[in-house]
Amino acid sequence: MESKTTSEAISQALQNNAMPKLRLILKTDTTGTAEALKASLEALSSAEILVQVIQATLGIINKSDIDMAVAAQALVIGFNVKIDPRAKQLAKQEKIDIKLYNVIYKVVDDIKAIIKGSVQPKLEEKETGTAEVRNIFKVPKVGAVAGCYVLTGTVSQTAIAHVIRKGEEIYKGKIGSLKRLKDDVRSVAQGYECGIGIEGFDEIKVGDEIRFTEMR
Numbered sequence: 013m014e015s016k017t018t019s020e021a022i023s024q025a026l027q028n029n030a031m032p033k034l035r036l037i038l039k040t041d042t043t044g045t046a047e048a049l050k051a052s053l054e055a056l057s058s059a060e061i062l063v064q065v066i067q068a069t070l071g072i073i074n075k076s077d078i079d080m081a082v083a084a085q086a087l088v089i090g091f092n093v094k095i096d097p098r099a100k101q102l103a104k105q106e107k108i109d110i111k112l113y114n115v116i117y118k119v120v121d122d123i124k125a126i127i128k129g130s131v132q133p134k135l136e137e138k139e140t141g142t143a144e145v146r147n148i149f150k151v152p153k154v155g156a157v158a159g160c161y162v163l164t165g166t167v168s169q170t171a172i173a174h175v176i177r178k179g180e181e182i183y184k185g186k187i188g189s190l191k192r193l194k195d196d197v198r199s200v201a202q203g204y205e206c207g208i209g210i211e212g213f214d215e216i217k218v219g220d221e222i223r224f225t226e227m228r
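Sequential numbering of the sequence shown, starting at 13, is according to this note's numbering.
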């Protein structure tokens with residue numbers, strides 16, 4: 013059966029929202045180290061992922077630690093400690109990662125890397141500008157091009173155009189062409205005129221409003 017407790021498997025599970033908590037088991041050489049590591053690691057929690065140290069104890073990594081890791085789908089982190097041979101054998105059998113360290117910042121950096129690989133940016137559709145259609149031009153082999161005046165924001169070649177007529181959206185599509193004084197441009201700012209062709213839509217009319225959005 014495929015392991016669920018290696019660093020890669022846990023990072024993938026977090027990325028797929030299958031496990032919103034990153035659980036850790038700590039074994040250290042001193043109480044002070046255990047407390048410092050626990051605080052540093054749990055401080056890595058964010059709105060997307062909760063980093064939870066479910067056990068922080070002293071001494072050698074033993075079979076009970078591995079059993080707990082299997083049950084909780086947790087990573088085992090050892091700091092200045094050794095691994096009991098039976099625990100090592102069980103970890104290999106269950107395909108569980110045991111990470112050993114002697115420098116605290118390396119522990120934190122590794123857990124950060126797991127989280128970074130699993131947290132995906134959230135994209136939202138943001139309005140970036142609006143324009144009013146003031147003229148319509150029929151261009152051979154291109155179709156209808158709207159002569160527009162940019163009312164607010166910026167019109168970008170990469171934006172999605174929402175055609176609004178009498179307060180209702182009648183079409184949504186990509187910008188096929190964006191021109192300023194007959195030249196192809198990447199963007200046009202508020203207060204300027206431009207020509208806009210919308211892919212797959214030739215029914216644009218004078219008086220329509222075009223709202224532009226981008227995923228950010």
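For glycine and all other residues, C-beta sits at the position ideal for the given N, C-alpha and C.
- In the DSSP annotation of this structure, the continuous segment of the alpha helix (DSSP H) that includes Leu-49 starts and ends at 43-54.
- The shortest CA-to-CA distance from Val-93 to any of Val-63, Val-120, Thr-43, Leu-34 is the one to Thr-43.
- Boundaries of the alpha helix (DSSP H) harbouring Lys-100: 97-106, taken from the DSSP string.
- Between Leu-49 and Leu-38, the C-beta spacing is below 8 Å.
- Arg-177 and Glu-226 have their C-alpha atoms roughly 20 Å apart.
- Taking every protein chain shown into account, the CB of Ala-81 has 16 or more other CB atoms within 10 angstroms, so this residue is buried.
- The alpha-carbon separation between Lys-107 and Asp-122 amounts to approximately 19 Å.
- Under the DSSP assignment, Ile-78 falls in the alpha helix (DSSP H) whose first and last residues are 75-84.
- Following the DSSP letters along the chain, one finds Leu-193 in no beta strand (DSSP E), marked with neither H nor E.
- The three-state reading of DSSP puts Lys-118 in helix, counting H, G and I together.
- Taking 8 Å as the cut-off, the Cβ atoms of Ile-172 and Phe-91 do not count as close.
- Relative to the Cα of Ile-182, the nearest Cα in the group Glu-221, Arg-35, Ala-51 belongs to Glu-221.
- Ala-68 and Ala-201 have their alpha carbons spaced roughly 57 Å apart.
- Around the beta carbon of Val-151, fewer than 16 other beta carbons lie within 10 angstroms, which makes this residue exposed.
- In this structure Val-154 is in contact with Ser-189, their Cβ atoms being roughly 7 Å apart against a cut-off of 8 Å.
- Judged by beta-carbon spacing, Gly-141 lies within the 8 Å limit of Thr-166, meaning their Cβ atoms are closer than that value.
- Uninterrupted beta strand (DSSP E) stretches at least 3 residues long and entirely within the segment 159-216 occur at 172-177, 180-192, 199-201, 205-210, given in chain order.
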